[in-house]
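Contents: one structure, followed by commentary.
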Amino acid sequence: KNFKAVVSFVGRDGTIYIIPKSFEIELRKMMTEIQSSFKGLGLLEPYHWKKGEACVVRGSDTMWYRGRVVGLGSSTFQVQYIDLGYLERIPQCHLYPTTLYTGTPSFCIPCQLYKTVPTGNFWQQDAVDCLQELLTNEEVEIHVQELPDNPWGKLSIKLYYGGISLSSIMAYQKYCFAEDREDNADLGLLEGDIPGLPSYMLPSLPITGDTFPVRVTHLVSPNEVYICLDPRQSLLNQSAAEGDVSSDSVLESLDGALERCNNNVDTVPFLTRFQRDMPCLAQYQDGLWYRAKLLSIEKYAPPEILVQFVDFGSYSVVPTNRLRVIPLYLLEYPAQAVRAVLAGFKPAVCDENMQRIPYSQEWSMEALWAMMECVEGKQLSASIRALSPQFTISLYGDDKNLVHMKLIEMGLADLDE
């Protein structure tokens with residue numbers, strides 16, 4: 001059985017305590033009743049506690065919880081919160097014996113990862129710390145694999161956090177070994193092939209030498225940009241290349257299709273398998289979903305993935321809950337953003353600006369900002385200079401002059417014949 005749950009606690013031995021989402025209403029109802037039943041309790045008269053005895057515990061939040069005494073001491077007892085799983089040393093004055101609610105089963109379930117062997121055959125402290133930081137109070141997906149031999153045993157599960165197997169995350173960080181082949185397949189996330197993986201079509205480009213309108217959608221450096229051709233013209237070019245130039249064959253605009261998708265995005269499933277260059281929907285900072293492709297994992301705990309928005313060229317690192325399966329009708333449109341190298345100029349030899357672009361040290365940040373001012377929001381045009389080894393263009397401003405001439409004038413770039 002598969003179900004959603006919230007992780008309430010991770011024990012020192014790596015036991016993962018979960019509360020199924022379907023239990024939440026009943027748990028809240030019982031907690032409300034407990035607060036009413038034990039309201040205003042005075043000091044407890046001297047009492048001889050026994051190990052395993054049921055009790056109610058006054059927590060640090062002043063709420064009452066069901067508990068069980070698991071260790072005796074002179075002034076404090078080790079108590080387990082039976083609906084949350086976690087252990088705590090509690091002063092005797094905060095414990096009361098009870099027979100109420102003892103017939104109600106625990107709302108939390110102790111679990112262990114299926115076919116997952118901790119390094120050294122037990123969970124090391126740093127691994128437990130990682131599990132606690134990663135999982136506590138997080139909503140996860142549980143796939144039950146094996147039932148325990150007895151009612152008090154641990155449920156063997158596969159746990160998915162952000163769509164990625166927890167076993168694969170822990171194995172990637174060398175905390176354990178995942179025996180299951182499916183979990184091992186996730187370790188290198190984006191390695192190997194998925195049969196029949198769809199991909200985006202490339203836009204049809206104008207003829208070399210022709211001048212055509214473009215928008216710059218993303219700057220990597222002053223001479224490396226992503227450009228977007230007119231979307232409708234791109235579709236017409238695509239139709240012509242496929243031998244059908246009828247106006248009826250032109251699809252609804254990509255913007256319209258994306259708007260339709262965003263209006264019904266709750267019906268689109270989250271991504272659960274990951275592959276390099278896999279098409280997907282990714283949520284941008286504005287809360288809307290756009291077409292993207294997966295590039296690499298940037299972080300495993302919690303999982304965060306580097307994506308590129310194929311209609312803009314820009315990049316973003318997003319958690320897996322901001323990735324969804326792309327509807328097939330959105331693959332009928334070519335990717336709109338095309339990477340282009342700008343011809344005619346190169347980094348200035350005498351640019352003394354100390355602040356450089358971190359990933360392109362030959363260029364100064366001043367040059368990047370100047371180029372942004374030249375192209376952002378402007379009506380531009382381009383002509384193709386070369387298709388290989390790199391797609392190279394000359395880029396012109398709305399005054400029909402080469403946009404890089406301003407950088408030349410400012411001493412931020414040199415001419416490159």
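The end of the sequence shown is residue 417 by full-length UniProt numbering, with every number in the run present. In this text, a Cβ means the ideal position worked out from N, Cα and C, and glycines have one as well.
- Out of 92, 81, 62 and 83, the CA that lies nearest to the CA of residue 75 is found in 92.
- Note: residue 141 is bridge-paired with 4 and 160 in the DSSP secondary-structure output.
- Within a 10 Å sphere around the beta-carbon of residue 141 sit 16 or more other beta-carbons, which makes this residue buried.
- If you ignore the 5 residues before and after residue 128, its C-beta comes within less than 7 Å of the C-beta of 10, 12 and 14, all in its own chain and listed in chain order.
- For residue 415, the closest of 358, 388 and 343 by C-alpha to C-alpha distance is 343.
- In this structure, residue 85 sits near residue 8, with a CB-CB distance shorter than 8 Å.
- Along the region 49-137, the alpha helix (DSSP H) occurs as fully enclosed runs of 4 or more residues at 125-135, listed in sequence order.
- Excluding the 5 residues flanking it on each side, residue 372 has same chain C-beta neighbours closer than 7 Å at 219, in chain order.
- The residue from 4, 364 and 16 with its alpha-carbon nearest to that of residue 23 is 4.
- Taking all protein chains shown into account, residue 336 has 16 or more neighbouring C-beta atoms within 10 Å of its C-beta and is therefore buried.
- Between residue 229 and residue 216, the CB-CB gap reaches or exceeds 8 Å.
- Scanning the region 337-388 for uninterrupted beta strand (DSSP E) segments of 3 residues or longer gives 337-342, 345-347, 360-364 and 380-386, listed from N- to C-terminal end.
- Around residue 38, the same chain offers 56 and 64 as residues with beta carbons nearer than 6 Å, after the five sequence neighbours per side are excluded.
- Residue 214 has 229 and 380 as its beta-bridge partners, per DSSP.
- Between residue 356 and residue 270 a beta carbon distance of about 39 Å is seen, past the 8 Å cut, so the two are scored as non-contacting.
- Beta-bridge analysis with DSSP links residue 260 to no other residue.
- Between residue 116 and residue 174, the C-beta gap is not smaller than 8 Å, which leaves the two residues out of contact.
- If you draw a 10 Å sphere on the C-beta of residue 52, you find fewer than 16 other C-beta atoms in it, and that means exposed.
- DSSP lists 283 as the bridge partner or partners of residue 289.
- Put simply, the region 350-365 does not touch the region 299-311. Fewer than three CB pairs are less than 8 Å apart.
- When DSSP reads this structure, residue 392 sits in a beta bridge with 341 and 386.
- For the set 204, 267 and 50, the Cα lying nearest the Cα of residue 98 is the one of 50.
- Rounded to whole angstroms, the gap between the alpha carbons of residue 392 and residue 352 is 28 Å.
- Under the DSSP assignment, residue 166 falls in the alpha helix (DSSP H) whose first and last residues are 166-172.
- Of the residues assessed, residue 60 falls on the exposed side of the cut-off, its CB having fewer than 16 other CB atoms within 10 angstroms.
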